[in-house]
């Protein structure tokens, strides 16, 4: 019960697509059978005069063969059988054709274009006695039993009703010829067939609603199912976070290597640190080779000290550079003057260093 209660979320489009590939689709076989029955009854109603004509031709053909052949042989019997088969085919072929077309059409309207061999693959679960008992006594088996009982009741009731309503009609059949009897009996049978077909259609509509409910119930997903599907489609969040962490580490390592080539580090002095490099062969203006905030800013300052890079404290300029310029980008024009003053100070200080060391 716990597992069933967990599956309370409707199926996602991906889950439905996977189920369809496995042959798990919404389909009511009862609806197909009911619509086929309605089509057959309608076809028989329309085609019955032609069937009677074909049967009349058949009897005439047989009678002529009997009169022409007083002695029967293999050839005459073969001719008789071919003639009988051909007449039967002409009489019944349209009915079978309508049934075939209706079966394909109804299944296509329910399922759509689908070809899969997944339902034909052998499954160990089908050999399990426990699963077999569940299928025998489960809710699906009870629904099948209920549908079968309803069909028996419907056929029995309408058969009784037709016989009851026409009880005075049957003795009159003795006063008419065979053709008239066939026409009268066919009307009674069509009345019965129409009523049974319509009743079966109502049962089929109820079965379709049940199949829809059962289909949606089997496709329901638990919270864990949705998480697993998200991992498959979007990737495991933990793995993605780990990858981003590694990418940040690699980017920081490259940034620290580039920092060693910087001309100056401008600080806030604690919260921000931005390292600049001016290379006229690469860019027309100075560009950012490293920047960081808080702990990373302290690491940039420490590495700058290790590599004898001048650190200049300029709070407004450090905040502006950190907020406006990304790694590898040049300084914007509105900061040219402030950056130029810092670089001029750095170059002047470096010249003094070289003078005294020389």
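Residue numbers (our numbering): -11 to 346.
Where is the CB? At the ideal position from N, CA and C, for every residue including glycine.
Computed from a prediction, not measured in an experiment: that's the story for all the values here.
Check: Beta-ladder partner(s) of residue 347, from DSSP; Outcome: The structure shown has nothing for residue 347, since the chain only spans -11 to 346.
Check: Alpha-carbon spacing of residue 146 relative to residue 205, whole angstroms; Outcome: 35 Å
Check: Complete beta strand (DSSP E) runs within the segment 243 to 298 (minimum length 3 residues, chain order); Outcome: 252 to 255, 260 to 265, 275 to 281
Check: Same chain only: Cβ atoms within 7 Å of residue 25, ignoring 5 sequence neighbours per side; Outcome: 185, 188
Check: Residue 300 (DSSP reduced to helix, strand or coil); Outcome: strand
Check: Cβ-based neighbour list, residue 154, same chain, cut-off 8 Å, excluding 5 preceding and 5 following; Outcome: 176
Check: Terminal residues of the alpha helix (DSSP H) in which residue 12 lies; Outcome: Residue 12 -> no alpha helix (DSSP H), and no H or E assigned at all.
Check: Residue 278 vs residue 265 beta-carbon contact at 7 Å; Outcome: no
Check: Pairwise C-alpha distance: residue 138 and residue 194; Outcome: 12 Å
Check: Spatial distance of residue 313 from residue 320 (CA atoms); Outcome: 8 Å
Check: Contact between the segment 295 to 310 and the segment 253 to 262 (3+ Cβ pairs under 8 Å); Outcome: yes
Check: CB-CB length for residue 15 against residue 98, believed under 8 Å; Outcome: 5 Å
Check: CB-CB length for residue 276 against residue 247, believed under 8 Å; Outcome: Actually they do not touch by this definition, with Cβ atoms about 10 Å apart.
Check: Stretch-stretch touch, CB-based, cutoff 8 Å, three pairs: the segment 9 to 23 with the segment 195 to 204; Outcome: yes
Check: Assigned secondary structure, residue 29 (DSSP; H/G/I helix, E/B strand, else coil); Outcome: helix
Check: Residues that DSSP places opposite residue 209 in a beta bridge; Outcome: -3
Check: Length of the line joining the Cα atoms of residue 218 and residue 87; Outcome: 45 Å
Check: Beta-carbon contacts of residue 191 that lie in its chain and below 8 Å, excluding the five residues immediately before and after; Outcome: 18, 22, 135, 138, 139, 142
Check: Assigned secondary structure, residue 346 (DSSP; H/G/I helix, E/B strand, else coil); Outcome: Low confidence applies to residue 346: its pLDDT is 47, below 50, so where it sits in the model is not reliable, and the reading given next is rough at best. Residue 346: coil per DSSP, three-state reduction.
Check: Residue 296 versus residue 244 - alpha carbon distance; Outcome: 14 Å
Check: Beta-carbon proximity check, residue 261 vs residue 293, cutoff 7 Å; Outcome: no
Check: Euclidean distance between Cα positions of residue 28 and residue 160; Outcome: 29 Å
Check: Which listed residue (128, 178, 158) has its alpha carbon closest to that of residue 169; Outcome: 158
Check: Residue from 226, 47, 236 with nearest C-alpha to residue 74; Outcome: 47
Check: Residue environment, residue 291, which counts as buried when at least 16 other CB atoms sit within 10 Å; Outcome: buried
Check: Candidates 128, 39, 288, 149: closest to residue 258 by CA position; Outcome: 288
Check: Reduced DSSP category for residue 330 - H, G, I as helix; E, B as strand; rest coil; Outcome: helix
Check: Contact with chain B by residue 268, beta-carbon distance below 7 Å; Outcome: The structure shown contains no chain B; it is built from a single protein chain.
Check: Buried versus exposed call for residue 101 [16 or more other C-beta atoms within 10 Å across all chains shown]; Outcome: exposed
Check: Member of 299, 207, 180 whose CA lies at the smallest distance from the CA of residue -5; Outcome: 207
Check: Candidates 329, 280, 336, of which the one nearest residue 315 by Cα; Outcome: 280
Check: Which of helix, strand or coil DSSP assigns to residue 313; Outcome: coil
Check: Exposed unless 16 or more other CB atoms sit within 10 angstroms - verdict on residue 149; Outcome: exposed
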